[in-house]
Structure formats: structure tokens, C-alpha cells
């Protein structure tokens, strides 16, 4: 039935139906519907039937409601009101996709209907159809350019789509239309300024954000948030002294907020781990029965490479008659083991670190193996939901942070052992003694004798400890456990660090990461490093492509790309098919740029990031050894424009100066260490004491590449 125009009397009644619906006077609305529909001429009037159905829906009569709305739609399929009402009915039943279809049909018949556009935009943002939401908000802005909601909604659409520049332009354009005197405080205007600042922060416009918040500070109601934003932005900009003052003031204002202490910690950047461990030890001595503070103290000690002390600290809460290390391994205490891995790795004790890595791997294997008994048990006991949850957990078990940390460390160590295999100690000593003077040789031999004596005493101590454990052991392990433990190969550090095929061992740790942690860029970059050493070009390509898809501006990825391209150009004997694939894919990444230009562009686009400058400088030296001086100058920049001058990045630069990434540059390292010490006078890594400097190479190793666990126990 075509659309029937109601005469003035019935049309006024229809308007009253709409008014009753808006005012929730549903019974009156039904009376007016009846008055129109009782007229034989308008008994089948589609829009009135639809409104009757919508009113009935509000009274809880869903079946009748759908019947009347569908009947009205059939009678007047070209009415935007009928389609709109049908959409409202679908929305009330949470059928948002169907409601959107109805609204779109309504807009085909009346494209500039404000109410339908508003309702459509609400559903689009609810369903996160951001592109559609942006288009709808644009139509609303065109139709009502003077309304505040039109501007704000359109800006929010761009913000959610991460088009920060456009969002900021719209917000600034709208802000300029607001007539608010500088000295007047208006809550809504204050919220607009704070939202504008939030977009700036998300766009990494830290300097602009700081200037913006300082400019409009007097017009912002939330004074506490102003100070918090200032502290955060000063940290991001590397203005640490100013940031520390802000966070000290915030702590004075609210000493219970942990975030302020965290901000102050970042601003001070003391990083004196031994001193921290000392005071944590003092804290635990005040209540030796508190296991939490005991574990915290052990963790601090491990961070300071005080492994023996940490073990002794943990022994206060482990089983008597067995060593703390052994007992913690039995308890699968993986926070302790992962911290041990990092400490051993920093100290260059790769065998001990690998032992801990394999122990963590065994824990995950045991957890996987333990599920076997539940296959029968859960069926019998009907714990089916828990059983399915268990199976799903086991499928992704090695996605856990503990496994990732242990696997990453194991891979890094195996790569290092492949690059620099450990030689027989006696042979190494013979080689080293050839170039020494008589005095130096005597000194070295004396040092070796002391080390041997110390090792012998430790071995005797361990032997006595083992005997004591055997005598005092109160509980015997059951036969099954004995049998399984006897089948396990003993993990001997000396054997682990002198493995014949370190790359094959690294791949064993890599495979679970590739399967389960593919969204972490480090997984693919570690894979590249392995395949690069194995000369597997297609697998290298696969790794860099996957990493490129995650973050194309990653500094480590930049190094991998240049090494990969250089390696491909050095191998002219590759099969034609492989060469063709490599050239096609590399073309997409390098876009006809030679490696030097590619590296220069990378440095230019990341001129304020020390991590990126370090990677670019490394590759500059890698591509042209004659540019050592310039490369080191770039990597060791400490001017005000650098935004990430923190302990982690500065130590990473120190590592690079020591590990040969820039060739022999001991004098430059010493200059850089002194500059860092002046910048961060309390950081133990840059202290000028001879004892600290002597152990730098081992102590710095891995620090920058190893993230601290997110939670502090």
C-alpha cells in the first residue's frame, strides 16, 4: 500500500502520538493510535501501525509490537518513519546489526533526517564501526555546524581512528569558537582543554602537550591532573630535574599514591642496585618472618648480581636439608629462576644461565605432561568446563611471560656462544700468556691460583652440604618421582656452554615463541638472528616481514634489515627463484633506496630517540668502517633534544661501545661513561671506581635487552 497522506485532523493526532512516545505517556499514545486506525480510510495506515507497535513494545508486549510494526512496514515500505521505528524495535532487542540496516534504509528515503542520523551514529560507535561513525558524524556536522555535539563527535571519530592531526585541528577550530574569558573557570571548557591535551599525548606531541597545559592551566578545574600531566610530559622530554620536583610536590599532596613514587623513581634514575639491595636487606631484617619482604629482598639482590646472597636469603623459607636453589627448582619458583638467568647472563656465566633456562623449560614440560591424568579423571567426575579450560590453557602455556623471558635469554646466549665459542681454559691461558711481560704473567698466575683455591673451597663446601642433606633428609621421594628424575639428563653448566650446535639448541626455544608469541616483535627478530647465522635467506625474509608488519620503525628491526640486505648482495650464487623472491620483497621495504640512504633517512626521522640513533650509528659503521668517528658521535649524543636519556638506553650505548659494534673505542667509552656519570651520578653502572669499571663488560651485558618483569613480585 502506498504512502497515504493524513488529513489535518488525523495528522495532528499522529503528532500527538509522537509527543506521547517522547514523554513516555504510552497509554495516551495508544488511544490516539486507535482514533486514527478506527477510521476505515486509515485502518491500514503504515506509520500509525508502526508507532502503535513501538508503543506496545514500551509496555512490554513484544510479540504484538513486532506484528504491528511489520504490518505497518508492509503497508508503507517507502516510509522512513516505518524503517526508523523498525530499527528502534531491533535496537531494543540488542539486534544492533539489524537496527543499523533499518536506519540505512530509512536514510535512503530521507537522507538528512537528524534523528535517524543520530540514532545511527550511536549504534555505529556501539559496534565500533569507526569508519561509518566518522561518515555519519560528518553528515551531522554539515547539517548542524553550530551545534557543539557535531564538532565534538566528528573529532572523536578521528581520534578513535588514530588520525590525531585531524582530531586536533577540529578540536582547536571548535575551541576558538568558545567565548570563555581567560580568568573564568568553566567546567565544560576545562574538560575540552583536557581532552585536547589527551589527544596530543596520544599523538606523542609531548612538547606541545606541556606548552598547551601550561597555557590554559588557569582555566582548568582539575589542578591535580594538571600537575600529573606536567610530570609525565617532563619525563617524556627528558627534563628529569623538573619532573622530580613535580612528583615530590605530588607526593606531599598524596603520599598514598604509588604512581607518584614510580614517577619520582623514573625522574631520579638512581639505579644504584647494590645500595637498593642493602636497604631492602635492612627492611627484611625488621621482620624476618615476612616472606613477601624476604622475596623482595632476594629479587633486589639478584638485580644487583648478588646471587649467593639471594640464595641465602631465600633459604630462610625453603626446606631444611636441601639447598635453596634445589628446593626453589622443585617448587617451580620461576620468578627466582628468571631473575637468576638475567644475573648469570650479566655476569657472563652462560653455563649457569643456560642451566636455569632449561630448568624453566622442564617446568613447562612437566605442567604439560601432568594433564595426562586429567583426561580420564575429568570425564569420570564430570568436571567438563574446568577440563576444557585446562586443555585450552595447556595449548597456550608457553605464551607465559616466564617462558618467554627464559627462552629469549637462552636464544641470546646460544647466539653469543655461536659468535664467540668458549675455548678450553688451559689453551686460552697459554694464548693469553704469550703476549704478557714477566711481571704481568706472575700477577696473572697468582690471580689464577687464588681463583682455583676459592673454587676448591667452594667445591668442598658443596660436598659437605650434599652429605649433610643426605643424612638429614627426612622425606624420601616416592618411587615414581625417583624413576622420572633418574631419566632426566643432569644439567651441567660446563657442558651447556660448550654445546656443539648452539643454533639448533636456540631453535628449540624459538619454535614455541613463533607458534604462541607471534605478536611480539622480539620473537621474529630473534628468529632472524638465528637464521642469519644459518644462512637461511627465505626464513630470514619471513622473519623481517613479520617484524615489519608489527612495527616498521623498531631500531633492532632496522639493524636486521640492513644486515639482511647486505648479506643478500654478498651472495650472488643464490638460486634464481630465491633471488627473484628476495628482490621483490626487499623492493617493498627499501623502495629503491641504497643502504646508506635508507640508514640516513632512518637517522633523520628518529633524531630525538637515542635507541634509534644507536641502531642507525651501528649500521653506519657496519656499512662503512671509515665513518667510525661520526657513528660514535651520533650514538653518544646527550644533548637536550634527546628524549629517552634513561638508564636503560644509556647502558645500551655503553654496551655497544664495549662489544665491538663500533670497533676499538675504549677511549670514547671512557669519555661517554664520565658524561653519563655526570648526568646520573648515583647509577652504579657509570661509577668511576676501578672495581666497577673492571666488571663493566660482563655487568652491562644484556641489561638493555632484558625487560624487567611487569609486576614486582
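Residue numbers (the working numbering): 755 to 1467. The beta-carbon is built from N, C-alpha and C at its ideal position, and this holds for glycine as well.
C-alpha distance - residue 1060 paired with residue 1251, whole-angstrom precision: Using only the alpha carbons, I get a separation of about 21 Å.
Residue 1099 classed as buried or exposed, judged by whether at least 16 other C-beta atoms fall within 10 angstroms: buried
Residues near residue 888 by beta carbon distance below 6 Å, same chain, minus five either side: So the qualifying residues of the chain are 911.
Residues near residue 1468 by beta carbon distance below 8 Å, same chain, minus five either side: One cannot answer for residue 1468 here, as it falls past the ends of the chain, which runs 755 to 1467.
Candidates 854, 1029, 982, of which the one nearest residue 1014 by Cα: Ranking 854, 1029, 982 by Cα distance to residue 1014 puts 982 first.
Distance between residue 940 and residue 811 (C-alpha atoms, nearest Å): As the crow flies, the alpha-carbon of residue 811 is around 41 Å from that of residue 940.
Under 8 Å between C-beta atoms of residue 990 and residue 1402: no
Beta-carbon spacing of residue 1245, residue 1164 below 8 Å: The criterion of a C-beta distance shorter than 8 Å is not satisfied by residue 1245 and residue 1164.
Cutoff 7 Å; reference residue 844; Cβ partners in own chain excluding five residues on either side: 852, 853, 856
Residue 773 classed as buried or exposed, judged by whether at least 16 other C-beta atoms fall within 10 angstroms: exposed
Rounded straight-line distance, which links the Cα of residue 1273 to that of residue 1070: 40 Å
Proximity to residue 1253 [Cα-Cα], best of 1290, 1081, 1174, 959: 1174
Completely contained alpha helix (DSSP H) runs for the segment 809-869, where each covers 4 or more residues: 816-829, 834-846, 850-863
Any 3 or more C-beta pairs closer than 8 Å across the segment 1268-1282 and the segment 1136-1148: no
Identity of the residue in 1382, 768, 866 nearest residue 896 by Cα: Closest option to residue 896, Cα to Cα, is 866.
Start-end ranges of the alpha helix (DSSP H) lying completely within the segment 962-1046, minimum 4 residues: 977-990, 994-1007, 1012-1022, 1027-1039
With 16 other Cβ atoms within 10 Å as the buried cut-off, status of residue 1428: Counting Cβ neighbours within 10 Å, residue 1428 comes out exposed, since fewer than 16 surround it.
Classification of residue 1321 by the beta-carbon crowding that lies within 10 angstroms, buried from 16 upward: exposed
Contacting residues, own chain, Cβ-Cβ under 8 Å from residue 1382 (five flanking each side not counted): For residue 1382, where only same-chain residues beyond five positions count, the Cβ hits under 8 Å are 1375, 1416, 1417, 1419.
Residue 955 burial status per 10 Å Cβ neighbour count (16 or more: buried): Flag for residue 955 reads buried.
With 16 other Cβ atoms within 10 Å as the buried cut-off, status of residue 1311: buried
Continuous alpha helix (DSSP H) stretch holding residue 934: start and end: Premise fails: residue 934 is in no alpha helix (DSSP H) and is neither H nor E.
Cβ pair residue 1377, residue 1399 closer than 8 Å: no
Proximity below 8 Å, CB of residue 1287 to CB of residue 1257: Judged by their CB atoms, residue 1287 and residue 1257 are nearer to each other than the 8 Å cut-off.
Where residue 1417 falls: helix, strand or coil (DSSP): strand
Continuous alpha helix (DSSP H) assignments of at least 4 residues falling wholly in the segment 1316-1366: 1330-1344, 1349-1359
Contact set for residue 813: own chain, Cβ-Cβ below 7 Å, skip 5 residues either direction: 780
Touching by the beta-carbon criterion (3+ pairs, under 8 Å), the segment 1087-1101 and the segment 1053-1067: yes
Inter-residue Cα distance where the pair is residue 1182 and residue 1176: Its pLDDT being 47, under 50, residue 1182 is placed unreliably by the model, and nothing is read from it.
Integer-rounded CB distance, given that residue 1422 should sit under 8 Å from residue 1388: Actually they do not touch by this definition, with Cβ atoms about 12 Å apart.
With 16 other Cβ atoms within 10 Å as the buried cut-off, status of residue 1085: exposed
Closest by C-alpha distance to residue 984, when choosing among 1041, 1090, 948, 1008: 948
Three-state secondary structure assigned by DSSP to residue 1289: coil
Cβ neighbours of residue 1169 in the same chain (closer than 6 Å, five flanking residues each side left out): 1283
Same chain, Cβ closer than 7 Å to residue 891, five either side skipped, listed in chain order: Around residue 891: 875, 907, 908, 911.
Pairwise C-alpha distance: residue 807 and residue 977: 51 Å
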